[in-house]
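For what it's worth, this note's numbering labels the leading residue of the sequence shown as 132, then goes sequentially.
For each residue, glycine too, the CB sits at the ideal point set by N, CA and C.
Heads up, the thing below is written out as structure tokens.
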Amino acid sequence: MHEWALAEAVITSAAETARQRKLAVVDEIVLNIGELQAIDNELFGSLVKEQLPSAAPELRGAKIRVVKGEAAFECQACKKEFCEQDAKVGEEEREAIHFVPEMAHVYMRCPACGSPDFSIVRGRGVFIQEITGRP
Ligand SMILES: [Zn+2]
132 MHEWALAEAV ITSAAETARQ RKLAVVDEIV LNIGELQAID NELFGSLVKE QLPSAAPELR
192 GAKIRVVKGE AAFECQACKK EFCEQDAKVG EEEREAIHFV PEMAHVYMRC PACGSPDFSI
252 VRGRGVFIQE ITGRP
């Protein structure tokens, strides 16, 4: 994962959104970073900030806020949606899962039926959750 390129993509997409919504001044950009995405939230937030001075003029004064996107899983067998807490994963296992999401299948079972066959429905990727500004 190339964080700098990702930060650049965030800036580009924020500028696009600002244009579409006809915002002349963007006050705040809220970024949602999935907890299964191996990215340091603070570091990524400051990378985005560093790129603001050279971004589109409407973005230059924006504040950057980073929120954590909680991971969610869906059981393939019984269709139950659950999170790590439901599956009672320990702290160490949790860390491993956040680093290598595929490890979830080693450490977790569906809390409803016990199946190891589930998919990750949320918690990966970076997206712009919200942009606030003025026309
Ligand atoms: Zn299940």
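Query: Ligand 1 heavy atom lying under 7 angstroms from the CB of ALA187; Result: no
Query: Identified DSSP bridge partners for THR263; Result: GLU159
Query: Alpha-carbon spacing of GLY165 relative to GLN216, whole angstroms; Result: 16 angstroms
Query: Distance cut-off 7 angstroms: ALA243 Cβ against heavy atoms of ligand 1; Result: yes
Query: CA-to-CA distance, ALA243 to ALA218, given in whole angstroms; Result: 9 angstroms
Query: Reference LEU162; option with closest CA among LYS194, GLN182, GLU147 and GLN151; Result: LYS194
Query: Cβ contact check for the region 168–177 and the region 201–213: 3 or more pairs under 8 angstroms; Result: no
Query: Whole-angstrom distance between LEU167 and ALA186, CA atom to CA atom; Result: 28 angstroms
Query: Whole-Å CB distance - ALA208 paired with CYS241, under 8 angstroms assumed; Result: 7 angstroms
Query: Contact under 8 angstroms by Cβ, PRO247 with HIS236; Result: yes
Query: Residue of THR263, PRO232, GLU159 and GLY264 minimising C-alpha distance to ARG253; Result: PRO232
Query: beta-carbon LYS211 near ligand 1 non-hydrogen atom, thresh 7 angstroms; Result: yes
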